[in-house]
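K.L.:
Chains as they are written, first to last, in our numbering: chain A, 13 to 352; chain B, 38 to 213. Think of the CB as a built atom: it goes at the ideal place given N, C-alpha and C, for glycine as much as any other residue.
#1: What did DSSP end up calling residue 206 of chain B once you bin it into helix, strand or coil?
#2: Starting from residue 164 of chain B, follow the alpha helix (DSSP H) in both directions and report where the run begins and ends.
#3: Please report the straight-line C-alpha distance between residue 187 of chain A and residue 200 of chain A, rounded to a whole angstrom.
#4: Tell me whether residue 275 of chain A is buried or exposed, calling it buried when 16 or more other Cβ atoms sit within 10 Å of its Cβ.
#5: Can you list, in chain order, the residues of the region 100-117 of chain B whose Cβ is nearer than 9 Å to any Cβ on chain A?
#6: In the DSSP assignment, find the unbroken beta strand (DSSP E) run with residue 170 of chain A in it and report its ends.
#7: State the DSSP-derived secondary structure class of residue 193 of chain A, mapped to helix, strand or coil.
#8: Are residue 111 of chain B and residue 144 of chain B touching if we call contact CB-CB under 8 Å?
#9: Start and end of the beta strand (DSSP E) containing residue 250 of chain A?
#10: Based on Cα-Cα distance, which residue from A:226, A:194 and A:202 lies nearest to residue 220 of chain A?
#11: Determine the burial state of residue 183 of chain B: buried for a count of at least 16 other Cβ atoms within 10 Å of its Cβ, exposed for fewer.
#12: Could you tell me whether the Cβ atoms of residue 98 of chain B and residue 79 of chain B are closer together than 8 Å?
#13: Roughly how many angstroms lie between the CA atoms of residue 210 of chain B and residue 178 of chain B, to the nearest whole one?
#14: From the beta carbon of residue 248 of chain A, is the nearest beta carbon of chain B less than 8 Å away?
#15: Please confirm if the region 326-336 of chain A is in contact with the region 254-261 of chain A, defined as three or more CB-CB distances below 8 Å between the two stretches.
#16: For residue 284 of chain A, which residues in the same chain have their Cβ closer than 7 Å to its Cβ, ignoring the five residues on either side in sequence?
#17: Just the C-alpha distance for residue 164 of chain B and residue 188 of chain B, rounded to the nearest angstrom, thanks.
#18: Below 8 Å, how does it come out for the region 135-152 of chain A and the region 109-121 of chain A: are there three or more Cβ pairs, yes or no?
#19: Identify the contact partners of residue 87 of chain B in chain A, using a Cβ-Cβ distance below 9 Å as the criterion.
#20: State the Cα-Cα distance for the pair residue 99 of chain A and residue 329 of chain A, rounded to the nearest angstrom.
#21: Determine, using beta carbons only, whether residue 145 of chain B comes closer than 8 Å to chain A.
#22: Please name the residue, chosen from B:170, B:85 and B:116, that lies closest to residue 233 of chain B on a Cα-to-Cα basis.
#23: Residue 189 of chain B CB to nearest chain A CB: under 8 Å?
#24: Note down, in chain order, each residue of its chain lying with its Cβ closer than 6 Å to the Cβ of residue 315 of chain A, except the 5 sequence neighbours on either side.
#25: Which value, in whole angstroms, describes the spacing of the CA atoms of residue 56 of chain B and residue 102 of chain B?
#26: Taking CB distances under 8 Å as the criterion, tell me whether residue 158 of chain B reaches chain A.
#27: Between the Cα of residue 278 of chain A and those of A:96, A:153 and A:174, spot the shortest distance and give me the residue it belongs to.
Spelled out as structure tokens, the structure:
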């Protein structure tokens with residue numbers, strides 16, 4: 013049996029109380045919402061918090077509200093099932109619903125939260141293993157060791173960002189609300205991440221992510237494409253979030269954000285700029301896809317070989333853009349449909 | 038640190054004293070003797086430990102009992118109401134939809150949640166609902182057929198089921 017290490021469990025009733033408890037226990041404490049990311053990691057002894065601050069009972073962290081005109085707010089504790097099935101999210105932010113729907117399995121989506129997916133731990137072949145496995149290979153710097161086993165010369169951890177929702181939320185220009193002992197702040201989700209497999213979030217340890225704020229729709233159209241081995245469930249080995257603001261036939265704003273190619277979601281900004289002021293012709297889409305593949309630098313630390321994942325960046329960016337342009341995309345990958 | 042917990046399992050209140058870091062799976066099996074819920078990967082990847090919490094399929098290996106106080110927990114032991122097998126259990130038994138059987142408790146409960154929400158699911162909807170329940174024997178076809186048979190029976194179309202199922206199986210040519 014893989015058992016959880018012992019801890020104390022606190023069940024605050026408000027965000028303010030949770031923030032206080034988190035501050036009181038300092039580095040000994042962690043927050044837990046759905047538990048689908050943290051508990052497996054704790055079973056593998058990647059985290060051994062002495063205190064868990066459970067966020068499930070906090071009303072402020074539940075629910076989805078707002079409208080297409082004003083923008084919508086996804087409380088961090090909304091489950092991935094709730095996000096993917098919410099009628100307004102489906103209608104106005106279908107890419108967010110699709111990305112949430114493509115996370116893991118139905119059971120996991122009933123438990124896991126949108127906040128948890130945004131903050132999901134980075135992953136690596138040398139890290140997501142049992143304690144005994146990691147010990148046998150001499151540990152890596154992300155936990156218990158001091159070198160990177162993917163690139164022993166690297167001075168930082170190269171574990172990869174594995175969130176499906178983050179690339180889409182970034183492409184849409186979403187923000188996140190963080191609440192800590194010194195008050196609260198709202199930052200663009202693009203500022204929540206940094207390219208370090210260990211410190212992949214800029215969120216302070218004593219801050220709690222409470223909300224994801226989606227901007228007003230106002231002509232924004234987005235999509236998400238996900239590459240994985242199995243159609244039923246798997247973490248992304250490539251994610252492509254694309255959002256466009258169209259004015260008639262002309263693209264006024266474009267953001268292309270890649271997932272699972274670095275320790276944070278990576279925006280292909282040069283590729284996005286090629287679209288501005290242009291019509292979405294098949295020729296332009298191919299050029300943009302070529303440019304978007306440049307910042308995609310997958311490493312040999314997850315499923316499928318890395319040069320294939322690099323090549324698929326171009327293919328998936330092109331298909332995502334073709335989908336938004338109403339051009340034929342060929343067959344959707346298993347698990348993805350025009351509907352979701 | 039042991040905790041005194043009051044849970045509702047299979048329609049009955051139960052009291053249990055267990056350390057807070059024991060998962061629902063461990064408490065069900067080790068403290069309540071309900072070994073119908075199986076432990077597989079224990080990391081949320083295989084689905085065999087699925088139970089229903091307030092009617093929703095969740096993985097008991099990744100839930101703490103303290104997190105489900107006041108909620109209704111249903112395990113496979115609670116599926117047969119007053120000694121009568123649930124139509125899903127009946128269909129699985131009749132069609133031999135279990136090989137080693139290890140995944141079946143989780144599959145029965147996941148299927149029950151599906152049929153409660155969507156009484157006439159398509160084959161694709163069943164596949165999607167069961168996407169998180171791995172069968173290591175790979176005996177998926179009969180599982181899907183058994184869920185379809187149970188759905189038909191629950192809709193009161195038992196007679197149509199006997200003819201319709203055979204016709205559909207023949208038409209498929211074993212391709213799935």
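P.N.:
Once the coordinates are examined:
#1: In this prediction, residue 206 of chain B scores a pLDDT of 46, lower than 50, which makes its location untrustworthy; the coordinate-derived value is nonetheless stated afterwards. Three-state result, residue 206 of chain B: helix.
#2: Its alpha helix (DSSP H) spans residues 160-166.
#3: Approximately 4 Å between the Cα atoms of the pair.
#4: So residue 275 of chain A counts as buried.
#5: Flagged, chain order: 100, 101, 103 and 104.
#6: For residue 170 of chain A, no beta strand (DSSP E) encloses it, and the DSSP letter there is neither H nor E.
#7: Under the three-state reduction of DSSP output, residue 193 of chain A falls in the coil class, being neither helix nor strand.
#8: Result no, Cβ atoms of residue 111 of chain B and residue 144 of chain B do not sit closer than 8 Å.
#9: Per DSSP, the continuous beta strand (DSSP E) segment holding residue 250 of chain A begins and ends at 250-259.
#10: The residue from A:226, A:194 and A:202 with its alpha-carbon nearest to that of residue 220 of chain A is A:194.
#11: Counting Cβ neighbours within 10 Å, residue 183 of chain B comes out buried, since at least 16 surround it.
#12: In contact: residue 98 of chain B and residue 79 of chain B (Cβ atoms closer than 8 Å).
#13: Bear in mind that a pLDDT of 39 at residue 210 of chain B, under 50, signals an unreliable position, so the model cannot answer this.
#14: It does not: the Cβ of residue 248 of chain A has no partner Cβ on chain B nearer than 8 Å.
#15: Flag = yes, the region 326-336 of chain A and the region 254-261 of chain A touch.
#16: Annotation for residue 284 of chain A: 266, 267 and 268 place their beta carbon closer than 7 Å to its own, counting only its chain and skipping 5 residues before and after.
#17: CA-to-CA, the gap between residue 164 of chain B and residue 188 of chain B works out to about 14 Å.
#18: The region 109-121 of chain A and the region 135-152 of chain A do not touch, with fewer than three beta-carbon pairs separated by less than 8 Å.
#19: By Cβ distance, chain A contributes 119.
#20: In this structure, the straight-line span from the alpha carbon of residue 99 of chain A to that of residue 329 of chain A is close to 27 Å.
#21: Residue 145 of chain B does not count as touching chain A.
#22: What is shown of chain B runs 38 to 213, which leaves residue 233 of chain B out entirely.
#23: It does not: the Cβ of residue 189 of chain B has no partner Cβ on chain A nearer than 8 Å.
#24: Sequence-distant Cβ neighbours of residue 315 of chain A in its own chain, meaning closer than 6 Å and more than five residues away, are 241 and 249.
#25: Pairing residue 56 of chain B with residue 102 of chain B, the inter-Cα distance amounts to about 10 Å.
#26: It does not: the Cβ of residue 158 of chain B has no partner Cβ on chain A nearer than 8 Å.
#27: Nearest neighbour of residue 278 of chain A by Cα position, chosen from A:96, A:153 and A:174, turns out to be A:174.
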